[in-house]
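Here the structure is laid out as structure tokens; the discussion comes afterwards.
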Amino acid sequence: MQINIGLVKSESQFLLKELKVDSSTVESRVLDTVEIKDTNLNLLFFLGQNPPEGLQKTFEDEEKFYPVVGADSLGLDVESFESLNYEELCDLYAKVNARWILNNNIKTVEHIYPTITYLKDLWRTDRNAFFEELWFLIKTNLGTTQLTAIFHDVKEPRSEKNDKPSLSHSYVTGFKSPQIFEGEEKEEKVMKEYENEFGEFFNITEFDSANGKLVATVQIGLSPILLMARLKTFNQLQKSILIAIFSGLQAEQ
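Each residue of the sequence shown is one higher than the one before, starting from 1477 at the first, in this note's numbering.
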């Protein structure tokens, strides 16, 4: 797992700290701010009371995916940020990310009914859009650094013969935003490994706090879904939100 933290030094440059969790090391590099959108950031700081004027639109777009906060609020400047070691950066990330996740959790609880209604409509009308929206909802409520969901899909015949559509697997995955791909042998194998875990509408089969690995099985109607996430923490509120979402989606299916 890797955690990427950035600090905007100017309108043209930002400092990137890459936290390698498996080796407990940090790598630093300076990038052009035009690369912010294409960098898998987990936290971004800016100097001063407000972001640089030329980057305000970028910041507004990015704060949907991860925390974007003023460095001053945490007593940070460029020099002090550059001097932080791995443990200090992890503590900083945990502190800011926990606040951001809690805010997302509260918003989700407040809007749980319309959210479930919206997802149920997508489930019936646009399955790919459903999984993209579900992916984003889980990411922002769990603060995942990586999230994958494998699900049943229908593969249309590629020939012009009278072949019938066949059942297959697809998966939605990503670090910052979701992409859907056609499943291959790897996805078939993983679903096979967990097939005995399906049955309940939601079940956490694995959570390893040491390496931040979470695996959960979901059943919506007759459709099994396997969730695999990398994240820093997982608490009871987050678990309760997932239970509420998937129990709501299960109803009347």
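Every residue gets a Cβ at the ideal spot worked out from N, C-alpha and C, and that includes glycine.
Nearest-angstrom Cα separation, counted from residue j out to residue i
i     : j     : result
E1663 : Y1589 : 32 Å
I1479 : N1518 : 6 Å
T1534 : L1492 : 16 Å
L1623 : T1649 : 6 Å
D1514 : E1538 : 10 Å
I1721 : M1667 : 22 Å
D1548 : N1617 : 26 Å
L1552 : K1615 : 27 Å
T1601 : L1595 : 10 Å
W1611 : N1679 : 17 Å
V1691 : F1490 : 34 Å
L1520 : N1573 : 11 Å
L1713 : E1669 : 28 Å
L1578 : P1543 : 11 Å
K1665 : G1659 : 10 Å
Environment of residue i [buried if 16+ CB atoms lie within 10 Å]
i     : result
V1506 : exposed
D1508 : exposed
T1621 : buried
G1675 : exposed
T1693 : buried
H1587 : exposed
heavy atom of the ligand NAD below 7 Å from residue i C-beta
i     : result
H1628 : Summarising the ligand content, the structure contains no ligands, and the ligand NAD is consequently not present.
DSSP state of residue i mapped onto helix, strand, coil
i     : result
S1723 : helix
M1704 : strand
E1682 : strand
K1668 : helix
L1713 : helix
K1662 : helix
Cβ distance (whole Å) where residue i is taken to contact residue j below 8 Å
i     : j     : result
T1501 : Y1562 : 6 Å
L1483 : F1557 : 5 Å
F1651 : N1526 : Not really, about 27 Å apart at Cβ, beyond 8 Å.
Please go through the region 1485-1552 and give each complete alpha helix (DSSP H) segment of 4 or more residues, from N-terminal end onward.
You should have 1532-1538.
Please give the ranges of any alpha helix (DSSP H) in the region 1548-1627, keeping only runs that are unbroken, at least 4 residues long and fully inside the region.
Considered as a whole, the region 1548-1627 harbours 1554-1559, 1562-1586, 1588-1601 and 1603-1618 as its complete alpha helix (DSSP H) runs of no fewer than 4 residues, in chain order.
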